[in-house]
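Chains as they are written, first to last, in my numbering: chain X, 8 to 285; chain C, 11 to 171.
Built from N, CA and C at the ideal position, the CB exists for glycine as well.
The model shown is predicted, which means the values in this text are computed figures rather than measured ones.
Everything below concerns the one structure shown next.
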């Protein structure tokens, strides 16, 4: 019969009592090892942590308008207010590029339109234009440009020469105070005429971006016509003709009735200067 | 019927011409002095018992010598308001000759003479300068509003008459 010694007995007893604990300890050791791998391997760690960070970031971004928005807006306002010059300095090149692009596009468009007009050079309209150019002496390309330009008479002012008092006014739409405009225009006109010490000469034109103020002086009054769009020699001639016609009639009205009212002058202006007549 | 009349404010720099116009047109006053360059034009309607007048007010830049005021700004004027600073002698010591110049150059144009900043002077100062202040029509203060409306109404009456 097989006889067990003391050690064998002790080992059997250990096996019976400690087997579960050892397996448990081994499992824990394996888990710790796996965790250590995750912690020490960047890609493994990123796989676990990134989704949590992403979700938190998304929440944070969604909340920005509510939490940080007012503070950012206020800070920007203060910064812009305190550094206007720097802001202009920073925006200037961008604006410049935008304007340049716009001007380039407009020139391209104009060039295309001129080309299309030239291409139709054998049409009836082209022959009419040539004849008109030959009779009037106005260059053909000026006539082409005048056909392309979108001209509009915006306002007409009849102003007493020295006082700058408005005698009558035609306006397509109401803009600034017409009486103050008349005063200021008279002041500018007087200033320019004084500055060059040429009492016999008169200021004839003021250009303001898309607007031109055509000024026609008479002895006791002058007429200022605000034109938007293409202001060129043919239009100037046409405008002068209309002003002279109006003036002739206006003068005869004044001679016939020195007590002429502002309403009478306004009616006359409406007749001569509404779009159908220019 | 409303008629329009051009009036011009004359006088040295800093006598309060712009402040008087502002008080009259906008009923406001500011202690910040900004020099007028060229001309500033404003308007206000004045209602008199029998007339309604649209005053076109030319507030021109100050000049120490009235003869050097740009004449083209004064041409066609229906009335002048000559303003001086009651506290500064340099602005009124030539008052008599300045008024004479206006009379000879613009014969029929009515003038109202105004000593402004009257809120800043004492009675004794007024007595001391009595001789200079003889041609004065009104003492005014654009700051308090004293006599401001009266000046413009009085000139309008003189123009209409």
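Asked                                                                                                                                                                                                                  : Found
Just mark residue 79 of chain X as buried or exposed, buried being the case when its beta carbon has 16 or more other beta carbons within 10 Å.                                                                        : exposed
Measuring only the C-alpha atoms, how far is residue 112 of chain C from residue 44 of chain C?                                                                                                                        : 26 angstroms
Please confirm whether residue 137 of chain C has its beta-carbon closer than 7 angstroms to some beta-carbon of chain X.                                                                                              : no
Could you check whether the stretch 142–161 of chain C touches the stretch 93–105 of chain C, counting it as contact only if at least three pairs of C-beta atoms, one from each stretch, sit closer than 8 angstroms? : yes
Check each candidate in C/40, C/77, C/19 and C/79 and name the one with the smallest Cα separation from residue 53 of chain C.                                                                                         : C/19
Near residue 275 of chain X, what residues of its chain come up, given a Cβ to Cβ distance below 8 angstroms and the 5 sequence neighbours on each side ignored?                                                       : 175, 253, 256, 257 and 260
With distances taken from CA atoms, which of C/153, C/146 and C/88 is nearest residue 106 of chain C?                                                                                                                  : C/146
Do residue 93 of chain C and residue 42 of chain C come within 7 angstroms of each other at the CB atom, strictly closer than that value?                                                                              : no
What's the call for residue 50 of chain X, buried or exposed, on a 16-neighbour Cβ count within 10 Å?                                                                                                                  : exposed
Name the chain C residues whose beta carbon is nearer than 8 angstroms to that of residue 261 of chain X?                                                                                                              : Neighbours of residue 261 of chain X on chain C: none; closest Cβ ~16 angstroms, over 8 angstroms.
Between the Cα of residue 6 of chain C and those of C/150, C/37, C/134 and C/122, spot the shortest distance and give me the residue it belongs to.                                                                    : With chain C represented from 11 up to 171, any question about residue 6 of chain C goes unanswered, as that position is not in the structure.
Grab the span of the alpha helix (DSSP H) containing residue 155 of chain C for me, first residue to last.                                                                                                             : Neither: residue 155 of chain C is in no alpha helix (DSSP H) and is coded neither H nor E.
Between the stretch 127–137 of chain C and the stretch 64–78 of chain C, do three or more beta carbon pairs fall short of 8 angstroms?                                                                                 : no
Going by CA-CA distance only, name the one from X/60, X/188, X/18 and X/210 that's closest to residue 196 of chain X.                                                                                                  : X/210
Give me the Cα-Cα distance between residue 56 of chain X and residue 43 of chain X, rounded to the nearest whole angstrom.                                                                                             : 15 angstroms
From residue 76 of chain C to residue 237 of chain X, what distance separates their C-alpha atoms?                                                                                                                     : 44 angstroms
So with CB distances below 8 angstroms, who are the chain C contacts of residue 231 of chain X?                                                                                                                        : Within chain C, no residue comes near residue 231 of chain X; the closest Cβ sits about 15 angstroms away, beyond 8 angstroms.
Taking only three categories from DSSP, how would you classify residue 147 of chain C?                                                                                                                                 : coil
If the criterion is Cβ atoms closer than 7 angstroms, does the pair residue 86 of chain C and residue 224 of chain X meet it?                                                                                          : no
Cβ closer than 9 angstroms: which chain X residues qualify as neighbours of residue 86 of chain C?                                                                                                                     : 167, 168, 169, 170, 171, 172 and 193
Of all the CB atoms in chain X, is at least one closer than 7 angstroms to the CB of residue 38 of chain C?                                                                                                            : no
Over the uninterrupted alpha helix (DSSP H) stretch that includes residue 76 of chain X, give me the two end residues.                                                                                                 : 76–89
Output yes or no for whether 7 angstroms exceeds the beta carbon distance between residue 73 of chain C and residue 14 of chain C.                                                                                     : no
How about residue 218 of chain X and residue 168 of chain X: are their beta carbons less than 7 angstroms apart?                                                                                                       : no
Label residue 241 of chain X either buried or exposed according to how many other C-beta atoms from any shown protein chain fall within 10 Å of its C-beta, with 16 as the threshold for buried.                       : buried
Just checking my contact of residue 161 of chain X with residue 233 of chain X at CB under 8 angstroms: how many whole Å lie between their CB atoms?                                                                   : 4 angstroms
So which residues of chain X does residue 66 of chain C contact, with C-beta pairs closer than 9 angstroms?                                                                                                            : 170, 171, 172, 173, 186, 187, 189 and 190
Any idea which residues DSSP pairs residue 68 of chain C with across the strands?                                                                                                                                      : C/18 and C/51
On the DSSP letters alone, give me the boundaries of the alpha helix (DSSP H) that residue 35 of chain C sits inside.                                                                                                  : 27–36
Could you name the residues that DSSP lists as bridge partners for residue 214 of chain X?                                                                                                                             : X/219
Alpha carbon to alpha carbon, how far is residue 39 of chain X from residue 22 of chain X? Give it in angstroms, no decimals.                                                                                          : 25 angstroms
Please state the DSSP three-state secondary structure of residue 283 of chain X.                                                                                                                                       : Since pLDDT at residue 283 of chain X reaches only 49, below the 50 mark, its modelled position is unreliable, and no value is offered.
In angstroms, rounded to a whole number, what distance separates the CA positions of residue 11 of chain C and residue 61 of chain C?                                                                                  : 8 angstroms
Exposed or buried, residue 283 of chain X, counting other C-beta atoms within 10 Å across all chains shown (16 or more means buried)?                                                                                  : Any answer about residue 283 of chain X is weak, because its pLDDT of 49 lies below 50 and its placement is not dependable; what the coordinates show is given next. Classification for residue 283 of chain X: exposed.
At which residue ranges does the stretch 98–139 of chain C contain complete alpha helix (DSSP H) runs of 4 or more residues, listed in the order of the chain?                                                         : 105–115 and 133–138
Between the stretch 20–31 of chain C and the stretch 151–159 of chain C, do three or more beta carbon pairs fall short of 8 angstroms?                                                                                 : yes
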